[in-house]
Every structure is written in structure tokens, then in C-alpha cells.
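Enquirer: After the C-alpha cells below, expect a handful of questions from me.
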Amino acid sequence: MPSEIDLQIEAFLRAAPARLAAHSVNAYREDLALWQRFFASEQLHALAQIRVPALRLFLIRERQRGVSVPSLRRRFSALRSFYRWLRLQDPQVEDPSRGLPMPKGEQHFPDWLGVDAAQELLDQRGKANDEFLQIRDQAILELLYSSALRVSELVQLRRSDLNLQAGLLRVLGKGQRERIVPVGRIARQALERYLARRSESQETALFLNRQGRPLGVRGVQYLVDKAGRERLGQHLHPHSLRHSAASHLLQSSGDLRAVQEFLGHAQIDTTAIYTHLNYQHLAQVYDDAHPHAKQKEQSHE
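So the number in the working numbering is just where the residue sits in the sequence shown, counting from 1, plus 142.
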């Protein structure tokens with residue numbers, strides 16, 4: 143026997159052709175059928191039983207099934223249209239869909255290296271090389287990771303921005319915002335070695351190319367990718383080192399505000415993406431190490 147929800151959805155779809163194209167009606171029918179099956183599986187048969195937690199559970203289950211955010215937005219839009227129609231028939235009908243925000247667009251997490259991979263990339267023990275370009279490239283890799291620099295920030299650095307004795311670097315970031323960031327011990331050592339070999343030209347830029355002119359963005363991108371392919375067997379972008387440094391710092395400190403200041407983010411919401419990276423890391427650690435995770439895995443064998 144059809145439930146109240148089923149009957150109301152059918153009434154909505156019958157009324158829809160008067161104001162919607164046929165393909166739109168079919169799309170609504172498909173999306174609302176998914177909602178109907180979910181409500182039935184949760185023993186929700188009346189409109190008054192539908193609350194925000196149930197709608198949230200539907201979205202979570204759909205995401206777990208691999209449904210994309212655009213598809214979820216379409217299904218959510220169909221439900222909202224249904225409730226708008228219901229309220230036109232009866233303004234007293236409660237609309238739980240208004241208590242749940244529309245699913246946001248796909249969020250692309252930045253590429254980053256795990257701690258072990260970062261160490262493997264930077265560890266040059268027993269691989270000392272006296273060639274100027276190798277010394278320079280190692281200093282660049284160390285500084286990108288140590289101070290979480292954008293590649294645009296790195297190529298703008300002047301020799302006068304670096305205070306090796308204090309272990310500090312003045313950086314000009316987005317919006318011409320200046321910040322002071324620390325330079326780690328190993329990065330300082332790499333920079334000292336580079337500066338000892340750097341030509342004493344009139345160029346004020348910190349990093350120079352083989353012609354003694356300021357190194358550009360593409361040059362940095364090339365050398366970082368080359369190091370990634372040779373040392374890790376993967377393509378690598380300079381921004382990956384910035385993301386890695388930020389994530390590793392947050393993992394060890396748990397201080398989101400400090401990481402925000404370190405990265406030079408104007409809004410903490412931008413920095414908050416690294417909490418998602420850490421949740422991903424935590425989930426992987428749980429799956430690999432937690433006894434209950436292992437028991438659950440064994441129970442499915």
C-alpha cells in the first residue's frame with residue numbers, strides 16, 4: 143500500500159508537466175524515486191516523520207556509494223522542489239530540506255607527500271655533489287619544504303630577505319602581504335652551501351640560474367619535478383612541498399592558527415583544508431593499525 147510520501151510525490155509529478163519540460167519531469171521522477179526507496183528503507187511513511195538527520199543520512203550513504211556531488215545536488219534540488227510544491231498546497235507543512243545546506247561542489251584536496259616520502263626526497267646523505275646547480279637545487283627543495291613557500295614567493299626572494307644567523311626569512315606573499323617565516327636547520331645548511339658557491343654578481347635575487355640571472359617560476363617547476371621523478375619516481379610540483387610542510391606542521395602541533403600565519407593565509411578557512419588532509423591520514427592509520435579495523439576486515443574474508 144502506498145505511503146503518504148509516495149502519494150504526495152505522485153501528486154507532485156502529475157502537477158509538474160504544466161510547468162516543466164518532459165525531460166525535467168523524468169529527472170525529478172528518477173531522483174525522487176531514490177528518496178522514496180530510502181524513506182521506505184528507514185520506515186519513514188509520513189511527511190511528519192522526515193527530519194534533517196534522515197536527509198543527512200541519505201546524502202552520506204549516497205557519497206559512500208560513490209555518487210558525485212553534482213548528482214547529489216540534483217537529487218537535493220528535486221526534494222526541495224517537492225517541498226516547495228507541498229507548501230504551496232499547505233503552508234503548514236514543515237520543510238526539513240531547508241535545515242540542511244545544499245551539498246557543495248567537489249573539493250579537490252592538494253597533492254602532498256607523507257613524512258617518509260618528504261624525507262626520502264630531501265635526504266642526500268652519501269650523495270654529496272659539488273656541482274653548483276645540484277647545490278642550488280637542493281637548497282631550493284629544502285627551503286620550499288622548510289618554510290612552506292609558494293613558488294612565486296621563492297623566485298621573488300632577495301639575498302637581503304634571508305637572515306641565516308637568526309634563521310628567518312622575509313616573504314612577500316599574495317596581496318603584497320609581508321610575513322616572517324622560520325628557516326629550519328637543514329635548510330640553513332643547504333643555503334649556506336649554496337651561498338658559498340653563488341656568484342657575487344649585481345643581481346639581488348636569492349636564486350640564480352646558470353647564466354647568473356634570477357631563476358624563474360618555470361625553472362623551479364622543472365627542477366622540483368626532476369627531483370620528484372629521480373628520487374621518488376613521481377611527478378612533483380613545488381606547491382606539493384608547501385602543502386606537505388603545512389600538513390606535517392599541523393599533524394605535529396595541532397595549531398591551526400599558527401599554520402595559517404606560517405602560510406600567510408588571509409582567512410583561516412583556507413588553512414582548514416589541511417585538517418581534511420589529516421583526517422585522511424588518520425583514517426589510513428586507523429585502517430592499517432587499529433585492532434577493530436583489522437577485525438572488521440577479517441570478518442569480511
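By construction, the Cβ of each residue, glycine as well, lies at the ideal position given by its N, Cα and C atoms.
Span of the alpha helix (DSSP H) holding P380?
Expert: 380-395
Enquirer: Give a yes or no on whether the C-beta atoms belonging to A259 and A388 are separated by under 9 Å.
Expert: no
Enquirer: Mapping the DSSP letters down to three states, classify E320 as helix, strand or coil.
Expert: In this structure, E320 counts as strand in the three-state DSSP scheme.
Enquirer: So S187 and I151 are supposed to be a Cβ contact under 8 Å. How far apart are they, rounded?
Expert: Inspection of the sequence shows that residue 187 is occupied by His rather than by Ser. No, H187 and I151 are not in contact; Cβ-Cβ is about 12 Å, not under 8 Å.
Enquirer: Could you say which of S145, A196, V297, G406 lies nearest to R319 if we only look at CA atoms?
Expert: G406
Enquirer: Pick from A329, P356, A158: whose alpha carbon is nearest that of Q298?
Expert: P356
Enquirer: Check whether the Cβ atoms of Q402 and A332 sit closer than 9 Å, and answer yes or no.
Expert: Result no, Cβ atoms of Q402 and A332 do not sit closer than 9 Å.
Enquirer: Ignore the nearest five residues each way along the sequence and tell me which others in Y287's own chain have a CB closer than 7 Å to its CB.
Expert: A260, L264, L383, S386, A387
Enquirer: Assign L310 to one of three DSSP states: helix, strand, or coil.
Expert: strand
Enquirer: Using a Cβ distance threshold of 8 Å, determine whether the segment 238-245 contacts the segment 207-219, with at least three qualifying pairs required.
Expert: yes
Enquirer: Report the rounded CA-to-CA distance for R226 versus L201, giving the unit in angstroms.
Expert: 20 Å
Enquirer: Name the residue from L314, Y364, I282, V359 whose alpha carbon lies nearest to the alpha carbon of G326.
Expert: I282
Enquirer: With burial defined as no fewer than 16 other Cβ atoms inside 10 Å of the residue's Cβ, what is the status of L149: buried or exposed?
Expert: exposed
Enquirer: Report the rounded CA-to-CA distance for H381 versus G370, giving the unit in angstroms.
Expert: Rounded to the nearest whole angstrom, the C-alpha separation of H381 and G370 is 13 Å.
Enquirer: Thinking just about the alpha-carbon of each residue, which of S145, P144, R171 is nearest to the one in R156?
Expert: R171
Enquirer: Could you name the residues that DSSP lists as bridge partners for P222?
Expert: Correcting the residue type first, residue 222 is Arg in the shown sequence and not Pro. Note: R222 sits in no beta bridge, so no partner.
Enquirer: On the CB-based measure, 16 or more other CB atoms within 10 Å of its CB, does I322 come out buried or exposed?
Expert: Exposed, because fewer than 16 other Cβ atoms sit within 10 Å of the Cβ of I322.
Enquirer: Using DSSP's beta-bridge definition, name the partner residues of R300.
Expert: A347
Enquirer: Can you tell which of R198, L392, F224, E184 has its C-alpha closest to the C-alpha of D173?
Expert: F224
Enquirer: Just the Cα atoms here: how many angstroms apart are V235 and L214?
Expert: 24 Å
Enquirer: By the DSSP assignment, the alpha helix (DSSP H) with P195 in it spans what residues?
Expert: First-last of the alpha helix (DSSP H) with P195: 194-206.
Enquirer: Report the option in L306, A196, Q276 whose CA atom is closest to the CA atom of K368.
Expert: Q276
Enquirer: How is P144 classed by DSSP in three states: helix, strand or coil?
Expert: coil
Enquirer: Kindly identify the DSSP beta-bridge partner or partners of P356.
Expert: The partner list for P356 (beta bridge, DSSP) reads L350.
Enquirer: Using three-state DSSP, classify F251 as helix, strand or coil.
Expert: Confidence at F251 is low in this model, with a pLDDT of 47, below 50, so its placement is unreliable and no value can be given for it.
Enquirer: Return the first residue and the last residue of the alpha helix (DSSP H) that A260 is part of.
Expert: Per DSSP, A260 is one residue of the alpha helix (DSSP H) stretching across 257-264.
Enquirer: For V401, report the span of its alpha helix (DSSP H) as first-last.
Expert: 398-405
Enquirer: Between which residues of its own chain and R203 is the CB-CB distance below 8 Å, once the five residues before and five after are set aside?
Expert: So the list reads F180, once near-sequence residues are dropped.
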